[in-house]
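Participant: According to our numbering, the stretch in the sequence shown is residues 3 to 151, in order. In this text, a Cβ means the ideal position worked out from N, Cα and C, and glycines have one as well.
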Amino acid sequence: MLLTTGFGSGFSPVAPGTAGALVAVLLWGVGYFLLPFPILQVVLAVVIVYFTVQGIYSGTVMERYWGEDPSRVVIDEMVGVWIPLLVVPEGGGWYVLAAFVLFRFFDIVKPLGIRRMERFKGGLGIMMDDILAGVYSALLLGIARFLLI
Numbered sequence: 003m004l005l006t007t008g009f010g011s012g013f014s015p016v017a018p019g020t021a022g023a024l025v026a027v028l029l030w031g032v033g034y035f036l037l038p039f040p041i042l043q044v045v046l047a048v049v050i051v052y053f054t055v056q057g058i059y060s061g062t063v064m065e066r067y068w069g070e071d072p073s074r075v076v077i078d079e080m081v082g083v084w085i086p087l088l089v090v091p092e093g094g095g096w097y098v099l100a101a102f103v104l105f106r107f108f109d110i111v112k113p114l115g116i117r118r119m120e121r122f123k124g125g126l127g128i129m130m131d132d133i134l135a136g137v138y139s140a141l142l143l144g145i146a147r148f149l150l151i
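#1: Identify the continuous alpha helix (DSSP H) that holds M129 and give its terminal residues.
#2: Spatial neighbours of L134 within its chain, please: C-beta separation below 6 Å, excluding the five flanking residues on both sides.
#3: Would D71 and G22 qualify as a contact pair, given that the criterion is a beta-carbon distance under 9 Å?
#4: Between G95 and Y34, what straight-line distance do the alpha-carbon atoms span, to the nearest angstrom?
#5: Given R74, which residues of its chain have a CB within under 7 Å of its CB, disregarding the five upstream and five downstream residues?
#6: So, at 7 Å on beta carbons, what are the nonlocal neighbours of M129 in its own chain, with the 5 sequence-adjacent residues on each side left out?
#7: Buried or exposed: which applies to R106, given that a residue is buried once 16 or more other Cβ atoms fall within 10 Å of its Cβ?
#8: Measure the C-alpha to C-alpha separation of S139 and L4 and round it to an integer number of angstroms.
#9: Are the beta-carbon atoms of F9 and V25 separated by less than 9 Å?
#10: Would you report the Cα separation of A47 and L141, rounded to the nearest angstrom?
#11: Where in the stretch 20-77 do unbroken runs of the alpha helix (DSSP H), each at least 4 residues long, occur, reported from the N-terminal end onward?
#12: Rounded C-beta distance between L143 and V63? I'm assuming under 8 Å.
#13: Taking only the alpha-carbon atoms, compute the straight-line gap between V51 and L36 and give it to the nearest angstrom.
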């Protein structure tokens with residue numbers, strides 16, 4: 003339950019998804035200051051895979067208790083916002099902010115097939131829309147990096 007609720011951020015009475023994404027960015031920030039940047043990116047990739055698998059399983063389990071796609075489950079937002087953080091350059095503070103804002107935009111508006119991902123049942127449906135929102139955010143950040151270099 004600790005991971006599924008984003009270390010408790012999913013219990014936020016206001017915008018639990020945003021709270022979960024913010025916790026994920028803060029955890030990334032801690033890693034940024036503690037680890038060499040290339041190591042951080044490898045660790046982040048491993049964490050994304052682990053949390054995705056954990057989210058599919060625990061999301062399915064928690065739906066039994068809290069209903070379909072419960073707002074308390076924010077592990078999906080954590081994974082989703084970590085995906086664009088994979089393309090943030092070292093020292094790119096504005097890119098971190100952009101990763102957060104872009105991810106939340108795609109997660110809330112759900113354009114370009116993101117909403118269709120919610121058709122999957124259980125934890126897979128919980129995770130997939132946020133993963134796709136994260137992928138779109140990462141693509142836009144990657145294009146921005148390319149154009150701004």
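Facilitator: Well, looking at it:
#1: Against the sequence shown, residue 129 aligns to sequence position 127. In the DSSP assignment, M129 falls within the unbroken alpha helix (DSSP H) covering G124 to L150.
#2: The residue labelled residue 134 in the question sits at position 132 within the sequence shown. These residues qualify, in order along the chain: I116 and M119.
#3: Reading the sequence shown from its first residue, position 69 is the one you call residue 71. Reading the sequence shown from its first residue, position 20 is the one you call residue 22. G22 is positioned such that its CB atom lies no closer than 9 Å to that of D71.
#4: For the purposes of this step, residue 95 is taken as the residue at position 93 of the sequence shown. For the purposes of this step, residue 34 is taken as the residue at position 32 of the sequence shown. Distance between the alpha carbons of G95 and Y34: 11 Å.
#5: By 1-based counting over the sequence shown, the position of residue 74 is 72. Counting only residues of its own chain and dropping the five nearest sequence neighbours on each side, R74 has a CB closer than 7 Å to the CB of T7, G12, F13, P18 and W68.
#6: For the purposes of this step, residue 129 is taken as residue 127 along the sequence shown, with counting starting at 1. For M129, where only same-chain residues beyond five positions count, the Cβ hits under 7 Å are T54, G57, I58, G61, D78 and V81.
#7: Sequence index remark: in the sequence shown, residue 106 carries index 104 (1-based). Buried, because 16 or more other Cβ atoms sit within 10 Å of the Cβ of R106.
#8: By 1-based counting over the sequence shown, the position of residue 139 is 137. By 1-based counting over the sequence shown, the position of residue 4 is 2. Approximately 26 Å between the Cα atoms of the pair.
#9: Here residue 9 is taken as the residue at index 7 of the sequence shown, counted from 1. Here residue 25 is taken as the residue at index 23 of the sequence shown, counted from 1. Going by C-beta atoms, F9 is nearer than 9 Å to V25.
#10: In the sequence shown, the residue the question calls residue 47 occupies position 45. In the sequence shown, the residue the question calls residue 141 occupies position 139. Between the alpha carbons of A47 and L141 lies a gap of roughly 16 Å.
#11: Correct list: 39-68.
#12: Translated into the one-based positions of the sequence shown, residue 143 becomes position 141. Translated into the one-based positions of the sequence shown, residue 63 becomes position 61. Contact doesn't hold; Cβ gap of about 33 Å is too wide.
#13: For this step, residue 51 is matched to residue 49 along the sequence shown. For this step, residue 36 is matched to residue 34 along the sequence shown. V51 and L36 have their alpha carbons spaced roughly 21 Å apart.
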